[in-house]
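*Asks:*
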Amino acid sequence: MDNIYFDSVELQDMKEQISILKEKLDKEAIVNEALIRRVLSDKAEKLKIMGLGKTVISFLSIPMIVWCTTFLGMSLGFTIISAIFLTIAFLYMYNSHREINNTNLMCDDLIEVGKRVARLKQSYSSWIKFSIPFVTIWFCWFFYELYNAGLPLPNLYAAVVGVAVGGVIGGTIGVMKYRKIQRVSKELLQEIEKYHN
Amino acid sequence: MFEKKITIIKNMKTLELEFTQLVKEYKNTIYTVCYMFSEDSEEVNDLFQETLVNMWRGFKSFKGESSIATWIWRITLNTCISSERKKKTNQLVPLSVNINLFDSTDDDNRQIQMLHERISRLKPFDRAIVLLWLENISYEEIAAIVGISVKNVSVRLFRIKEELKNMSNKEK
Numbered sequence: 001m002d003n004i005y006f007d008s009v010e011l012q013d014m015k016e017q018i019s020i021l022k023e024k025l026d027k028e029a030i031v032n033e034a035l036i037r038r039v040l041s042d043k044a045e046k047l048k049i050m051g052l053g054k055t056v057i058s059f060l061s062i063p064m065i066v067w068c069t070t071f072l073g074m075s076l077g078f079t080i081i082s083a084i085f086l087t088i089a090f091l092y093m094y095n096s097h098r099e100i101n102n103t104n105l106m107c108d109d110l111i112e113v114g115k116r117v118a119r120l121k122q123s124y125s126s127w128i129k130f131s132i133p134f135v136t137i138w139f140c141w142f143f144y145e146l147y148n149a150g151l152p153l154p155n156l157y158a159a160v161v162g163v164a165v166g167g168v169i170g171g172t173i174g175v176m177k178y179r180k181i182q183r184v185s186k187e188l189l190q191e192i193e194k195y196h197n
Numbered sequence: 001m002f003e004k005k006i007t008i009i010k011n012m013k014t015l016e017l018e019f020t021q022l023v024k025e026y027k028n029t030i031y032t033v034c035y036m037f038s039e040d041s042e043e044v045n046d047l048f049q050e051t052l053v054n055m056w057r058g059f060k061s062f063k064g065e066s067s068i069a070t071w072i073w074r075i076t077l078n079t080c081i082s083s084e085r086k087k088k089t090n091q092l093v094p095l096s097v098n099i100n101l102f103d104s105t106d107d108d109n110r111q112i113q114m115l116h117e118r119i120s121r122l123k124p125f126d127r128a129i130v131l132l133w134l135e136n137i138s139y140e141e142i143a144a145i146v147g148i149s150v151k152n153v154s155v156r157l158f159r160i161k162e163e164l165k166n167m168s169n170k171e172k
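Read top to bottom, the protein sequences are chains E and G.
Heads up, the first sequence is in our numbering, so the first residue is 1 and it goes up one at a time.
Heads up, the second sequence is in our numbering, so the first residue is 1 and it goes up one at a time.
#1: Between G:Tyr35 and G:Val23, is the Cβ-Cβ spacing less than 7 Å?
#2: Looking at chain G, is there any beta carbon in it that lies within less than 7 Å of the beta carbon of E:Ile4?
#3: Taking 7 Å as the CB-CB cut-off, is G:Gln21 touching chain E?
#4: For a test of the three-state rule: what should DSSP assign to G:Ile148, helix, strand or coil?
#5: Looking at the secondary structure, which residues open and close the alpha helix (DSSP H) in which E:Lys177 lies?
#6: Starting from G:Ser96, follow its DSSP beta bridges and name the residues at the other end.
#7: How about the stretch 14–26 of chain E and the stretch 118–136 of chain G: do they share at least three Cβ pairs that are nearer than 8 Å?
#8: Can you give me the start and stop residues for the alpha helix (DSSP H) that G:Phe125 sits inside?
#9: I'd like the span of the alpha helix (DSSP H) that includes G:Cys80, first residue to last.
#10: At which residues does the alpha helix (DSSP H) containing G:Thr105 begin and terminate?
#11: Consider the Cβ of E:Ser82: report whether some Cβ of chain G lies at a distance smaller than 7 Å.
#12: Does G:Val150 pass the burial test, meaning 16 or more other C-beta atoms within 10 Å, or should it be called exposed?
#13: Candidates G:Gln21, G:Val33, G:Asn11, G:Leu17: which alpha carbon is nearest E:Leu21's?
#14: Alpha carbons only, please: which of E:Asn95, E:Arg37, E:Ser41, E:Asp109 is nearest the one belonging to E:Tyr124?
#15: Output, in chain order, the set of chain E residues within a Cβ distance shorter than 9 Å of G:Arg74.
#16: By the criterion of Cβ-Cβ separation under 8 Å, what are the contact partners of G:Arg118 in chain C?
#17: Hey, is the stretch 23–42 of chain E in contact with the stretch 66–84 of chain E, meaning 3+ C-beta pairs nearer than 8 Å?
#18: Can you confirm whether the stretch 92–103 of chain G touches the stretch 38–52 of chain G when touching is taken to mean that 3 or more C-beta pairs between the two stretches lie within less than 8 Å?
#19: Count the other CB atoms within 10 Å of the CB of G:Glu117; is the residue buried (16 or more) or exposed (fewer)?
#20: Alpha carbon to alpha carbon, how far is E:Ile32 from G:Ile81?
#21: Is the stretch 110–120 of chain E touching the stretch 71–79 of chain G, taking contact as three or more C-beta pairs under 8 Å?
#22: Tell me which residue opens and which closes the alpha helix (DSSP H) that E:Lys121 is part of.
#23: Using a Cβ-Cβ cutoff of 7 Å, what residues of the stretch 117–144 of chain E are near chain G? List them in chain order.
#24: List, in chain order, every chain E residue whose beta-carbon is nearer than 9 Å to that of G:Lys27.
#25: What do you get for G:Val130, buried or exposed, if any count of 16 or more other CB atoms within 10 angstroms of its CB means buried?
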């Protein structure tokens, strides 16, 4: 190996330091039976089951919203648009997470995994970019439908205030998360780009 | 049907034993990488366990396309680079480690911390390359683990060396 061209004082120091670290770790057991049992206890399978549970619940929310809007006497147009939005959301998230749930994802080389993870993050942030404005409009329409459905005014005000506060908090968190995801995935892709230059 | 079940159970037992053996053999390597990507002991613990879980998930379908060492390096580095640092302390099993590498009580720990500090300042992929180089892994294998050409490995190492030199000069 052509180490001679790359050895420097700093790298030599680091080689000595890593030897010290190895000597220290050789004296440590690190791994124990409890840890191995935890790892082997099909944590991955449990995660898959949880993931499946979330998928089923998300899917069930579609008939739920149809039932709720019909029960509250809302318009057919609103019901259809809500159902379509939830269906698209469900399919988009399912498709995005299918790759990240691949058990062999981490076994690929670093650049390939980095690209896939960055793409997943970007697709997630793209979804937030679309869904936040849509949900804002949906809420306005929702209040309009509630008003037209003849809900008593005090109940209507309570619903508006409650949902508005929840919407503002949720929207703010969504925007902050979107900006963070954008920044992280951009940095990751920039770093990957350097490796191809 | 019953015999098939027995075969499956036996195969699973063999798999578990092989996996346990593998983890014990490479524990130092995995721990070192997790340490270099962490800021405290809890994070090391978190990354270590996440790495083992990812290893177990992939172990059942590992067909020997690469050497086992390459496979372990990839999983460990990918886990550390991709981890979103969600603290799951209530689900963690404590590691059997009696030393605290983040504590600078003795000379050896101070040396290790200097190493940690230098490596932590590098970007994630550069950190991975330097760790692989420090383990005396060949350029070909580094290239296979990272997913770049052998020439690119040389170029990156040269740039990392320069970056470390600049860091040292700034400290002086």
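Where is the CB? At the ideal position from N, CA and C, for every residue including glycine.
*Replies:* With the given structure in hand:
#1: As a position in the second sequence, residue 35 of chain G is number 35, starting the count at 1. As a position in the second sequence, residue 23 of chain G is number 23, starting the count at 1. The Cβ atoms of G:Tyr35 and G:Val23 lie no closer than 7 Å to each other.
#2: Locating residue 4 of chain E in the first sequence gives position 4, where the first residue counts as 1. Low confidence applies here, because E:Ile4 scores a pLDDT of 44, under 50, leaving its location unreliable and the question unanswered by this model.
#3: Within the second sequence, numbered from 1, the residue matching residue 21 of chain G stands at position 21. Not closer than 7 Å to any Cβ of chain E, the Cβ of G:Gln21 fails to qualify, so no.
#4: Position 148 of the second sequence, counting from 1, holds the residue named residue 148 of chain G. Correct three-state label for G:Ile148: coil.
#5: For the purposes of this step, residue 177 of chain E is taken as the residue at position 177 of the first sequence. Looking at the DSSP string, the run of the alpha helix (DSSP H) that includes E:Lys177 is 153–194.
#6: For this step, residue 96 of chain G is matched to residue 96 along the second sequence. According to DSSP, G:Ser96 bridges with E:Ile30.
#7: Enough Cβ pairs lie closer than 8 Å, so yes.
#8: Taking the first residue of the second sequence as position 1, residue 125 of chain G is located at position 125. Its alpha helix (DSSP H) spans residues 124–134.
#9: As a working note, residue 80 of chain G is residue 80 in the second sequence. In the DSSP assignment, G:Cys80 falls within the unbroken alpha helix (DSSP H) covering 68–82.
#10: Taking the first residue of the second sequence as position 1, residue 105 of chain G is located at position 105. Careful: G:Thr105 lies outside any alpha helix (DSSP H) and carries neither H nor E.
#11: Locating residue 82 of chain E in the first sequence gives position 82, where the first residue counts as 1. Chain G, which has no Cβ nearer than 7 Å to the Cβ of E:Ser82, makes this no.
#12: Here residue 150 of chain G refers to the residue found at position 150 of the second sequence. Its Cβ having fewer than 16 others within 10 Å, G:Val150 is exposed.
#13: By one-based count along the first sequence, residue 21 of chain E stands at place 21. Of the candidates G:Gln21, G:Val33, G:Asn11, G:Leu17, G:Val33 places its Cα closest to the Cα of E:Leu21.
#14: Locating residue 124 of chain E in the first sequence gives position 124, where the first residue counts as 1. Of the candidates E:Asn95, E:Arg37, E:Ser41, E:Asp109, E:Asn95 places its Cα closest to the Cα of E:Tyr124.
#15: Numbered from 1 along the second sequence, position 74 holds the residue referred to as residue 74 of chain G. Within chain E, the residues Met106, Cys107, Asp108, Asp109, Leu110, Val113 have their CB atoms less than 9 Å from the CB of G:Arg74, given in chain order.
#16: Absent from the structure: chain C. Protein chains present are E and G.
#17: With the rule of 3 Cβ pairs closer than 8 Å, the stretch 23–42 of chain E does not count as touching the stretch 66–84 of chain E.
#18: A contact exists between the stretch 38–52 of chain G and the stretch 92–103 of chain G.
#19: By 1-based counting over the second sequence, the position of residue 117 of chain G is 117. Looking at its Cβ environment, which holds fewer than 16 other Cβ atoms inside 10 Å, G:Glu117 is exposed.
#20: As a first step, residue 32 of chain E must be located in the first sequence, where it is residue number 32. As a first step, residue 81 of chain G must be located in the second sequence, where it is residue number 81. The residue you asked about is not Ile; residue 32 of chain E is Asn in the sequence shown. For the pair E:Asn32 and G:Ile81, the Cα-to-Cα distance works out to about 25 Å.
#21: By the criterion of at least three beta-carbon pairs nearer than 8 Å, the stretch 110–120 of chain E is in contact with the stretch 71–79 of chain G.
#22: Position 121 of the first sequence, counted from the first residue, corresponds to residue 121 of chain E. Here the alpha helix (DSSP H) through E:Lys121 covers 110–148.
#23: Along the stretch 117–144 of chain E, going in chain order, the ones with a CB nearer than 7 Å to a CB of chain G are Val117.
#24: Position 27 of the second sequence, counting from 1, holds the residue named residue 27 of chain G. Listed along chain E are Leu25, Glu28, Ala29, Ile30, Val31, each with a C-beta nearer than 9 Å to that of G:Lys27.
#25: In the second sequence, counting from the first residue as 1, residue 130 of chain G sits at position 130. Using a 10 angstroms sphere on the CB of G:Val130, the tally of other CB atoms reaches 16 or more, which defines it as buried.
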